[in-house]
Amino acid sequence: MDHSHAMTGGTGGGGRLIAGRYRLGDQLGRGGMGTVWQATDELLGRQVAVKELHFGGDEPGLPAADAQLRRERALREARTVAQLVHPHVIVVHDIVEELGAGLSYIIMERIDGDSLADRIAADGPFDVREAARIGLALVGALRMAHERGVLHRDLKPDNVLLEAGTGRVVLTDFGIARLDGGTTITDAGSFVGSPEYTAPERMEGRAAGPASDLWSLGVLLCTAVSGESPFHRDSLSGVLCAVMHDPIVPPAAAGPLLPVVRRLLERDPERRLGAAEAERLLFAFLATGVAPDSAAPCAATHPRIPLAAKSSRPRFGGVRGALVASMLVAVMAGAGAATATLFLRDGDGDGDSSGGGRTDSAPTRTVTSTVSTRPGGGVHAPTGTADAARTPPPGYRRVTDPAGFTLAVPEGYDRSADDNGVSYLSPDKSIRVGVRQQSPVAGGPLGEMRRAHAKGPDTHPGYRAGKVTRTTHNGLAAALWEFVRDGFEPGDEDRHTYDLCWEEGGLMYDVWVSAPVSRQDDGKRHFDTALDSFARG
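For the sequence shown, our numbering puts the final residue at 546, and the numbers step up evenly by one.
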């Protein structure tokens with residue numbers, strides 16, 4: 010089913026008001042688990058997607074136990090996704106239950122764009138480089154989910170959204186996801202998932218683990234470059250036989266990605282390529298254009314590949330294993346190299362990095378830098394390295410600040426500095442991108458952000474929705490602070506703030522963005538770009 014992306018020609022939602030704030034508009038899609046509506050959050054003045062959950066009320070004769078199972082499954086989706094803060098995972102804003110009416114709703118981020126399946130159907134297969142970019146974004150999202158004990162279990166092109174204009178890759182529909190240790194839908198006697206994308210061990214009823222999602226990623230990569238799953242057949246029995254027994258023939262169109270695809274499609278999950286290795290190989294291919302098998306030795310043969318010489322620079326966003334010295338140099342010094350970010354949710358915060366008065370930075374669910382997954386661009390070297398060549402995205406310029414750092418800021422933004430650090434302000438002064446540097450403090454980044462959160466009501470009028478999350482940035486311990494506050498002047502629009510704090514090279518850094526709630530998407534994009542491009546020295 011369609012999830013949260015825009016479509017035309019939808020059916021009207023009658024202007025129903027949910028929870029006193031979400032006004033339903035056109036229907037975007039409908040499936041077995043619910044109906045998705047375009048909606049307006051009238052409190053914050055932003056567009057959202059509302060998933061109205063179905064629990065079997067429109068199926069006369071459905072046993073109450075089955076309806077309850079559906080309800081648990083749908084609400085599990087909401088709880089699961091709410092735990093996963095990452096730039097490539099759909100954001101869940103709210104969960105609403107109208108108990109008297111027996112209705113439940115999931116309020117999600119609205120993605121203006123198409124699913125990967127729709128894009129393939131309309132425009133045909135993707136080229137290998139774009140498929141690798143999409144794969145890199147998804148493996149980062151899966152890796153974060155797996156680290157939190159969450160399996161997706163239904164990775165397929167229909168559940169991957171591509172944001173119009175930015176090309177942002179968004180993984181959605183964790184409707185059959187499972188927290189490790191939870192009850193699976195299959196335990197109740199029904200098969201869940203999409204057979205063409207389902208791993209052999211799940212077909213056999215064996216316990217599914219992270220490797221099962223990696224199999225699905227391999228099938229998705231094949232579909233992206235060829236337009237069709239290698240396991241597509243005319244019948245379900247044919248699909249099952251293809252997955253379980255037929256020779257696996259990845260499409261020739263995969264070209265330089267064939268080594269990655271073949272290892273993702275190992276029927277034995279113990280031999281299958283893991284998320285860290287897949288991330289490393291896709292990164293290497295995008296950075297150099299070299300086929301992954303020649304870019305770095307196979308992890309199955311060389312499980313640990315030491316660098317020729319130790320580097321004081323942080324490793325790529327927690328990617329296990331390392332590229333050989335020549336590859337590291339190529340990635341970091343190659344033309345077009347830039348930085349990328351993977352975001353982990355958890356936070357409370359506002360702009361400046363002092364424990365007290367901070368400049369604004371709003372809530373977004375993000376922040377664990379690794380590798381860039383922006384469309385058409387090169388892969389980015391790790392942040393924190395001033396010598397890495399980075400090309401800012403269109404609409405941004407790279408600045409070398411007198412305070413001793415560089416980053417990309419939107420064109421037309423002017424510099425301002427005070428005791429709280431450096432800010433770059435939009436021409437109308439409504440959006441602020443800031444950086445603060447200071448000596449490390451007791452408790453590290455997490456302690457600093459928690460102190461700022463505790464002081465939030467004193468330093469930010471109307472402070473609310475504050476949250477601090479422990480995360481990482483380029484493999485370094487970090488904390489993300491998110492919050493909402495009143496506008497700066499009476500009558501001004503409320504503001505969102507995002508603030509990421511980490512320690513590096515003997516200093517503590519804060520990168521933050523504050524924006525009006527109606528421009529939250531712009532603020533998030535500027536925040537992501539500032540983090541992706543930030544370098545010391």
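Just so you know, even glycine gets a beta-carbon here, dropped at the ideal spot from N, CA and C.
Exercise. With DSSP run on the structure shown, which of helix, strand or coil describes H505?
Worked result: Note: H505 maps to strand in three-state DSSP.
Problem set entry | Distance between A216 and G430 (C-alpha atoms, nearest Å) | 52 Å
For this session: Could you pull the start and end residues of the beta strand (DSSP E) that G122 belongs to?
Result: 122-124
For this session: Identify whether S425 lies in helix, strand or coil by the three-state DSSP scheme.
Result: strand
Exercise. Below 7 Å between beta carbons: does that hold for V520 and L53?
Worked result: It is not a contact, given that the beta carbons lie outside the stated cut-off.
Exercise. What alpha helix (DSSP H) runs, 4 residues minimum, are completely inside the segment 452-507?
Worked result: 453-463, 465-468
For this session: Specify, as a first and last residue, the run of the beta strand (DSSP E) that I99 falls within.
Result: From DSSP, I99 is part of no beta strand (DSSP E); its letter is neither H nor E.
Exercise. Distance, Cα to Cα, L112 vs H102?
Worked result: 17 Å
Exercise. Considering only the beta carbon of each residue, do A141 and F294 sit closer than 7 Å?
Worked result: yes
For this session: Give the DSSP bridge partners of C510, in chain order.
Result: A488, D519
Exercise. Using a Cβ-Cβ cut-off of 8 Å (strictly less than) and excluding sequence neighbours within five positions of P454, which residues of its own chain qualify?
Worked result: A486, A487, A488, C510, W511, E512, M517
Problem set entry | DSSP three-state assignment for K165, whether helix, strand or coil | coil
Exercise. Between the segment 272-283 and the segment 218-228, are three or more C-beta pairs nearer than 8 Å?
Worked result: yes
Problem set entry | Contact belief for V252 with P204 at Cβ below 8 Å, rounded distance in angstroms | 7 Å
For this session: Mark E156 as exposed unless 16 or more other C-beta atoms lie within 10 angstroms of its C-beta, in which case mark it buried.
Result: Classification of E156: exposed, given that the 10 Å Cβ count is below 16.
Exercise. Straight-line CA distance for S562 to N168?
Worked result: With the chain covering 10 to 546 only, the question about residue 562 has no answer from this structure.
Problem set entry | Helix, strand or coil at I257 according to DSSP, with G and I counted as helix | coil
For this session: Kindly indicate which residue of A287, D501, R459, V522 has the alpha-carbon position closest to the one of G471.
Result: Minimum Cα distance to G471 is reached at D501.
Problem set entry | Beta-bridge partners of A48, as assigned by DSSP | L33, V57
Exercise. Would you call the CB atoms of M153 and H95 closer than 7 Å?
Worked result: yes
Exercise. Considering only the beta carbon of each residue, do W46 and Q56 sit closer than 7 Å?
Worked result: no
Exercise. On the three-state DSSP scale, how would you describe P419?
Worked result: strand
For this session: Report yes or no: do the segment 256-267 and the segment 206-216 share at least 3 C-beta pairs separated by less than 8 Å?
Result: no
Problem set entry | Sequence-distant residues of its chain with Cβ nearer than 7 Å to R128 (five each side left out) | L171
Exercise. Who are the Cβ neighbours of G385 in its own chain at under 6 Å, not counting the five residues just before and after it?
Worked result: Here G385 scores only 40 on pLDDT, less than 50, and its place in the model should not be relied on; the value that follows carries that caveat. Its chain contains no residue whose beta carbon lies nearer than 6 Å to that of G385 once the 5 sequence neighbours on both sides are disregarded.
For this session: Would you kindly report the start and end of the unbroken beta strand (DSSP E) that includes L434?
Result: Residue range 430-434 is occupied by the beta strand (DSSP E) that includes L434.
Exercise. In terms of DSSP beta bridges, what is S113 paired with?
Worked result: E106
For this session: State buried or exposed for S238, treating a residue as buried only when at least 16 other CB atoms are found within 10 Å of its CB.
Result: buried
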